[in-house]
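**Student:** Once you've had a glance at the structure underneath, I'll fire off some questions.
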Amino acid sequence: MDLSYTEEQQMLRDSVQKFIEDNYDISERNKLTATDEGFSRDNWKQFAELGWLAMPFAEEDGGLGGSPVDTMILMEEFGKGLVVEPFFPTVVLAGSALSQFGSADQKAEVLAGIIDGSIIATFAYAEEGAHHNLDHVATTATKDGDFYTLSGTKSVVLNAASADRMLVSARTSGDVSDEAGITVFLVDAGADGISRDDYPTVDGLRASEVTLKDVKVPASAIVGKEGSGHDVLEAVSNRAILALAAESVGAMEKLYTDTIAYTKQRVQFDHPLSEFQVLKHRMTEMFMEHSLAKSLTMKATMLETQGSDETQRTIHALKYLIGKSSRFVGQNAVQLHGGMGMTEELRIAHYFKRLAIIDSQFGNTDHHLTRFVA
Amino acid sequence: MDIEFSEEDLAFQQEVRSFIEENLPKGMDLWTKRGDWFKALREKGGWDVPKWPPEFGGPGFTPTQRYIFDMEMARHSTPPQLPFGVTMLAPILMAYGSKEQQDRFLPGIRDGSVNWCQGYSEPGAGSDLANLKTKAELTEDGKHYIVNGQKIWTTLAHIAHWIFCLTRTSSAGAKQEGITFLLFPMDSPGVEVRPIITLGGSHTVNEVYLTDVKVPVENRVGEEGKGWTYAKGLLAHERTGLAGIQNSVLALEKAKENAASIKVGDGTLLDVPAFRNKLGALEAELLALEFTELRTLASVAAGGSPGPESSILKLKGTEIQQRIQELNLEAAGVYAAVWGNKAAGPKFAKGAMSAYLGGRATTIYGGASEVQKDVISKNVLGLG
Ligand SMILES: Cc1cc2nc3c(=O)[nH]c(=O)nc-3n(C[C@H](O)[C@H](O)[C@H](O)COP(=O)(O)OP(=O)(O)OC[C@H]3O[C@@H](n4cnc5c(N)ncnc54)[C@H](O)[C@@H]3O)c2cc1C
């Protein structure tokens, strides 16, 4: 057993930390979220140059052959920096689907574009009425010769307005929430029949409701096999949860350390707040929640890397635990800052909102706890 | 002991319900015809100011009637009044203000033509309110106070016409001494309001900078140096109103409806055991809290003081409010994220996020929970 980072991994972490330090002051970050696209294309270019967009992909696909551990390192630092560039939808969601299930052509074209930074991609999986069930797919894909026609509406599609390509889960057979009969398609984001309703999200990112009306795609657009979309969704969801967990761990670290720093300098009743026992205990609990969340994130990530049988169950436990600890740490960071905790000026407000949204993505605490004990 | 309302109380409840049925504007009219509603309440015999005593035009409700009245109003979602004038300042003026001050300020408070804001907190005086530093110095001729300092978190200062303000007139003795209660218009020279943007981007609170603001001595409430005593009474008023128990009863009903509108598998979110249990736990706790409020009321009605259990109303009430907000957020699912001027998914989703964000403040203002617990452990439990 070895739980230490390799030299390359330490270098990776250092380089992300340096990037965040140089570019991700909270006021800079808030400037980015106020722009049209909600992120910086220049930063994206740098991500490509630094090799971050190539990190998790196999060397034969043009990647750096990294593992989920590398993604964990990146995402944890991104979590600390509240990074808004579309790394998660592009590399984690679309990227892991294509690298695990994509055809040679899809990899050559799209994965290569993701790696060199020229393609931004996303995954349209959520639908109204699904409530965290990825297999609830009402969007239809009707076969017509060598083509499929896609129709339906997808919700909260991250960075859809900036995306060049979009993976879409659609039903080729079966009932609306059957596990079988789902197929994932790779679609040109500007294809005829696609319309969007774009909006900012409360955590400062961008998303859209995406409506597909008779969008025609060739059979070669299928990612994996027809009808086996459930496997793609599950695999993507697992990687997504690992990435979001790492991001949460980063955010929680900032929340508890910012709170410690604040209570040390805030004086009330002639004492720094940090001297009041109830607050000391609360911060100790915040630290405990963070430590435990970090441990389980590491464990699940390593199991996924090894392809262990325990992975699925551990990932359910992880998403539950992350949701629970994020809520505790986030709410108490706000509480212990008093009125200051309510202001948009401090970065803790932004971590707090980000963590609230992470709980709503890829299944919340109840959803995963139910599956963990099933 | 009798858990039922008396015949008279039941008749009163019926009277309130019929009144609401007849007078509450429906649908969109609720917004455009608010004035008519408050007028009707007033004409009914002081129902617009249910907490005011009869000598000031209030209805003179018994404590039980007050409870019934509040419950019916909350359950019918009648339009709220801004609390600063009617609930917070008015009782102070009635108790400590001069006859001139009462005649001058109470009518504008009552008809809503004058908005007030509460200028207590300062950057260095939050939980430790007595630490306030905003200085008020009497001019040599003794006719004015000159006020200098800064207030913070002042809710709705940007739309307020007047402020009731705690100032320091002396720094001798204990912190609680030397605090003076002043009233002045927000358009006085030297008053500057700067917005503070809170979680989710809303503007309700402000910083208020005070530079050489000239306040006539006749705008001082009560005696110089006694402001702390007056304000403490007022804080108690603020707290009892903050438990929001009847609103939570309604909010919990709404949360159930929201959950019932979310399909999960063959049923709805209401059928999911994990979620259902959380709703159930809240309902049980709320039943207990509601009855705690009734116990408080009963001891006041019997001519006693509110009793130690009253001290937990705000603490528990705000905790319950926050947990209901969490459930709505969970019910919103992925749509919790949707922001800006767009809406998607279930109708309640966006409101759920705003309420969750804004709701975090309820355990901070009006006595932060940790400090409240300190106060209770000391004053109620006798723990040092
Ligand atoms: C939305 C909002 C609206 C408001 N509106 C108004 C208004 O209209 N007018 C007005 O005057 N004020 C208003 N306030 C201010 C409010 O009263 C203060 O925020 C509150 O008193 C807490 O003070 P603080 O923010 O300085 O926090 P602090 O006092 O710095 O407290 C920070 C944290 O430390 C804890 N703490 C403090 N002391 C102790 C202790 N001795 N032991 C243990 N824990 C402790 C607190 O519980 C809290 O969790 C408003 C605040 C908010 C958030």
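The listed protein sequences correspond, in order, to chains A and B.
For the first sequence, position 118 matches number 118 in the numbering used here, and the numbering has no gaps at all.
Here the numbering used here runs 1000 ahead of the position in the second sequence, where the first position is 1.
For every residue, glycine included, the Cβ atom is placed at its ideal position computed from N, Cα and C.
For a contact meaning CB atoms closer than 8 Å, what does Asn364 (chain A) contact in chain B?
**Tutor:** Neighbours of Asn364 (chain A) on chain B, chain order: Glu1330, Gly1333.
**Student:** If you reduce the DSSP assignment to three classes, tell me which class Pro1216 (chain B) lands in.
**Tutor:** It is a strand residue.
**Student:** Taking C-beta to C-beta, are Thr1154 (chain B) and Val1205 (chain B) nearer than 9 Å?
**Tutor:** Yes; because the gap between Cβ atoms is below 9 Å, this pair is in contact.
**Student:** Reducing DSSP to helix, strand and coil, say where Ser1305 (chain B) ends up.
**Tutor:** DSSP places Ser1305 (chain B) in coil when its eight states are reduced to three.
**Student:** Which residue marks the beginning of the beta strand (DSSP E) containing Arg29 (chain A), and which one marks its end?
**Tutor:** Segment 26-33 is the alpha helix (DSSP H) holding Arg29 (chain A); no beta strand (DSSP E) there.
**Student:** Name the chain B residues that come within less than 8 Å of His131 (chain A), Cβ to Cβ?
**Tutor:** Residues of chain B passing the Cβ test: Ile1262, Lys1263, Val1264, Leu1269, Gly1333.
**Student:** So is Gly1097 (chain B) buried or exposed if we call it buried at 16+ other beta carbons inside 10 Å?
**Tutor:** Under this definition Gly1097 (chain B) is a buried residue.
**Student:** Using the Cβ count rule (16 or more neighbours within 10 Å means buried), how would you classify Ser27 (chain A)?
**Tutor:** Exposed, by the Cβ-count rule.
**Student:** Is Leu205 (chain A) close to ligand 1? I mean its beta-carbon at under 8 Å from any heavy atom of the ligand.
**Tutor:** Checking the Cβ of Leu205 (chain A) against ligand 1 gives no.
**Student:** Contact between the segment 50-70 of chain A and the segment 2-21 of chain A is defined here as three or more beta-carbon pairs at a separation below 8 Å; is this criterion met?
**Tutor:** Enough Cβ pairs lie closer than 8 Å, so yes.
**Student:** Mapping DSSP to helix, strand and coil, what is Asp188 (chain A)?
**Tutor:** Asp188 (chain A): strand per DSSP, three-state reduction.
**Student:** Roughly how many angstroms separate the alpha carbons of Glu1309 (chain B) and Glu1004 (chain B), rounded to a whole number?
**Tutor:** Spanning the two alpha carbons is a distance of roughly 21 Å.
**Student:** Below 7 Å CB to CB, which residues in the same chain sit around Phe1056 (chain B) once its five sequence neighbours on both sides are set aside?
**Tutor:** Taken in chain order, the residues that qualify are Met1094, Leu1106.
**Student:** Are at least three pairs of beta-carbons, each pair with one atom in the segment 73-86 of chain A and one in the segment 237-257 of chain A, less than 8 Å apart?
**Tutor:** The segment 73-86 of chain A vs the segment 237-257 of chain A: in contact.
**Student:** So, is Arg347 (chain A) buried or exposed, given that buried needs 16 or more other C-beta atoms within 10 angstroms?
**Tutor:** Buried is the call here.
**Student:** Determine the chain B residues that contact Ser155 (chain A) at a beta-carbon separation under 8 Å, and present them in chain order.
**Tutor:** Chain B residues near Ser155 (chain A): Val1334, Tyr1335, Ala1344, Gly1345.
**Student:** Within its chain, find whatever has a CB closer than 6 Å to the CB of Lys1368 (chain B); leave out the 5 residues flanking it on each side and keep chain order.
**Tutor:** The residue you asked about is not Lys; residue 1368 (chain B) is Ala in the sequence shown. The answer, listed in chain order, is Ser1127.
**Student:** What residues from chain B crowd round Asp197 (chain A), counting only those whose CB sits closer than 9 Å?
**Tutor:** Lys1342, Ala1344, listed in chain order.
**Student:** Going by the beta-carbon positions, is the gap between Lys1214 (chain B) and His1144 (chain B) smaller than 9 Å?
**Tutor:** Yes, these two residues count as a Cβ contact at 9 Å.
**Student:** So what does DSSP say about Tyr125 (chain A), is it helix, strand or coil?
**Tutor:** Here Tyr125 (chain A) sits in coil by DSSP.
**Student:** Is the beta carbon of Leu1250 (chain B) closer than 9 Å to that of Ala1259 (chain B)?
**Tutor:** No, the Cβ-Cβ distance between Ala1259 (chain B) and Leu1250 (chain B) is not below 9 Å.
**Student:** Answer yes or no: does any C-beta atom of chain A fall closer than 9 Å to that of Lys1083 (chain B)?
**Tutor:** According to the sequence as given, residue 1083 (chain B) is Pro; it is not Lys. Closer than 9 Å: no.
**Student:** How close, in whole Å, do the beta carbons of Pro272 (chain A) and Leu158 (chain A) come, if the pair is a contact with beta carbons under 8 Å?
**Tutor:** The pair is not a contact, with the Cβ atoms about 41 Å apart (cut-off 8 Å).
**Student:** Mapping the DSSP letters down to three states, classify Lys1133 (chain B) as helix, strand or coil.
**Tutor:** Reduced to three states, the DSSP call for Lys1133 (chain B) is coil.
**Student:** In whole angstroms, give me the CA-to-CA distance for Ala1343 (chain B) and Ala1298 (chain B).
**Tutor:** Roughly 45 Å separates the two Cα atoms.
**Student:** To the nearest angstrom, how far is it from the Cα of Lys280 (chain A) to the Cα of Ala251 (chain A)?
**Tutor:** The alpha-carbon atoms of Lys280 (chain A) and Ala251 (chain A) are separated by roughly 20 Å.
**Student:** Taking the alpha-carbon positions, what's the Gly330 (chain A) to Phe276 (chain A) distance?
**Tutor:** Between Gly330 (chain A) and Phe276 (chain A), the C-alpha separation is close to 20 Å.
**Student:** Once the 5 residues before and after Asp1009 (chain B) are set aside, which same chain residues still bring their CB inside 8 Å of it?
**Tutor:** The answer, listed in chain order, is Thr1064, Gln1065, Ile1068.
**Student:** When DSSP labels each residue in this structure, what does Gly1333 (chain B) get in the three-state scheme?
**Tutor:** If DSSP states are grouped into helix, strand and coil, Gly1333 (chain B) belongs with the helices.
**Student:** Under 8 Å from any heavy atom of ligand 1, does the C-beta of Glu1370 (chain B) make it?
**Tutor:** Glu1370 (chain B): yes, Cβ under 8 Å from ligand 1.
**Student:** Give me, in chain order, the residues of the same chain whose beta-carbon lies closer than 7 Å to that of Ile1159 (chain B); leave out the 5 immediate sequence neighbours on both sides.
**Tutor:** Answer for Ile1159 (chain B): Asn1115, listed in chain order.
**Student:** Contact between the segment 121-133 of chain A and the segment 165-178 of chain A is defined here as three or more beta-carbon pairs at a separation below 8 Å; is this criterion met?
**Tutor:** With a cut-off of 8 Å, the segment 165-178 of chain A and the segment 121-133 of chain A count as touching, because enough Cβ pairs lie within range.
**Student:** Which residue spans inside the segment 262-322 of chain A form an unbroken alpha helix (DSSP H) run of at least 4?
**Tutor:** Listed in chain order, they are 277-306.
**Student:** Have a look at the DSSP bridge pairing and note the partners of Phe101 (chain A).
**Tutor:** The partner list for Phe101 (chain A) (beta bridge, DSSP) is empty, contrary to what the question assumes.
**Student:** Taking only the alpha-carbon atoms, compute the straight-line gap between Ala261 (chain A) and Val184 (chain A) and give it to the nearest angstrom.
**Tutor:** Their Cα atoms are separated by approximately 47 Å.
**Student:** Could you list which residues in chain A have their beta carbon closer than 7 Å to that of Thr1198 (chain B), in chain order?
**Tutor:** Under the 7 Å cutoff, chain A gives Met342, Thr343, Glu344.
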